[in-house]
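Asker:
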Amino acid sequence: QVQLVESGGGLVQAGGSLRLSCAASGILFNINTMGWYRQAPGKQRELVASITSRGTINYADAVKGRFTISRDNTQNTVYLQGDSVKPEDTGVYYCNADLATGSRYWGKGTLVTVSS
Numbered sequence: 005q006v007q008l009v010e011s012g013g014g015l016v017q018a019g020g021s022l023r024l025s026c027a028a029s030g031i032l033f034n035i036n037t038m039g040w041y042r043q044a045p046g047k048q049r050e051l052v053a054s055i056t057s058r059g060t061i062n063y064a065d066a067v068k069g070r071f072t073i074s075r076d077n078t079q080n081t082v083y084l085q086g087d088s089v090k091p092e093d094t095g096v097y098y099c100n101a102d103l104a105t106g107s108r109y110w111g112k113g114t115l116v117t118v119s120s
């Protein structure tokens, strides 16, 4: 079992920055990929960014050049830094962990609202 707890959401003005954190606990030795997904009102959940245990990173086209994902394996924490945020970045942001066994875990989510 893996538990994921997100923090750092809130209200951000357009053009500003956000920083989200996700702390993982539990059985962590076989976590492969960790990532951030978001779900805007009325839309499906979509990938924002992911990072593997070896540091391979993937970004959604919509956030490339504006968002940065990082991972501290010693602290079992993954971060998402977003700069020059836009109203379309609004949504509930979920932390995700994919294990080598194929299991997938989700946090409860944190709401980010970008005001124009």
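Just so you know, we're using this note's numbering here: the sequence shown kicks off at 5 and counts up by one.
Idealized CB from N, CA, C, for every residue including glycine.
Bear in mind that the values here come from a model prediction, so they are computed numbers and not experimental data.
With DSSP collapsed to three states, give me the class of aspartate 102.
Answerer: Aspartate 102: strand per DSSP, three-state reduction.
Asker: How many angstroms separate the CA atom of leucine 51 from the CA atom of threonine 78?
Answerer: C-alpha separation (whole angstroms): 24 angstroms.
Asker: Which residue's Cα is closest to the Cα of phenylalanine 93: Arg42, Ser25, Cys26?
Answerer: Residue identity differs from the one stated: residue 93 is aspartate in this sequence, not phenylalanine. The option with the nearest alpha carbon to aspartate 93 is Arg42.
Asker: Does the region 84-100 come into contact with the region 67-75, if we say contact requires no fewer than three beta-carbon pairs (one atom in each stretch) closer than 8 angstroms?
Answerer: Touching, per the Cβ criterion.
Asker: Which complete beta strand (DSSP E) runs does the region 5-44 hold, if anything under 3 residues is left out?
Answerer: Entirely contained in the region 5-44, the beta strand (DSSP E) runs reaching 3 residues are, in chain order, 6-11, 14-17, 22-30, 35-43.
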